[in-house]
Amino acid sequence: MIAARRRENEYFANTPEYRHLAPRMGSVHLGKVMSKHLETVIKSRIPGLQSLISKTIIELETELNRIGRPIAADTGGKLYVIMEICRTFDQIFKDRLDGMYV
């Protein structure tokens, strides 16, 4: 591979038609140019991807709120959900007794 690159550099450096372009010719230069182009394209797409991800997260959060959050499988998680339901019921019941309708 090293020998092939050396021959490539010699060809462009010693061929009159390409001598003035030698620094911008060859596979090494092509690799650098393509890498820079790929970097530019990726950087230009990042804001759109971030926007799409944020929008999708919001849509999923909205859907989760609509259908309800998952209930934990462990005992502590189940107890927490039951306590939250009881707390909500207690607050609504107190508000109704006080004449405040939620």
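Every letter in the sequence shown is one number past the one before it in the UniProt record's numbering, and letter 85, counting from 1, is 85.
Where a beta carbon is used, it is the ideal one built from N, C-alpha and C, also for glycine.
- If you look at T56, you'll find it in the alpha helix (DSSP H) that goes S27 to I67.
- Just so you know, the alpha carbons of I46 and L38 end up roughly 12 Å apart.
- Assigned with DSSP and collapsed to three states, D74 falls in coil, not helix or strand.
- Contact annotation: F12 and A3 have beta-carbon atoms that are not nearer than 8 Å.
- Bounds of the alpha helix (DSSP H) holding R5 are I2 to N14.
- Residue state for M83 is assigned as helix, using DSSP reduced to three classes.
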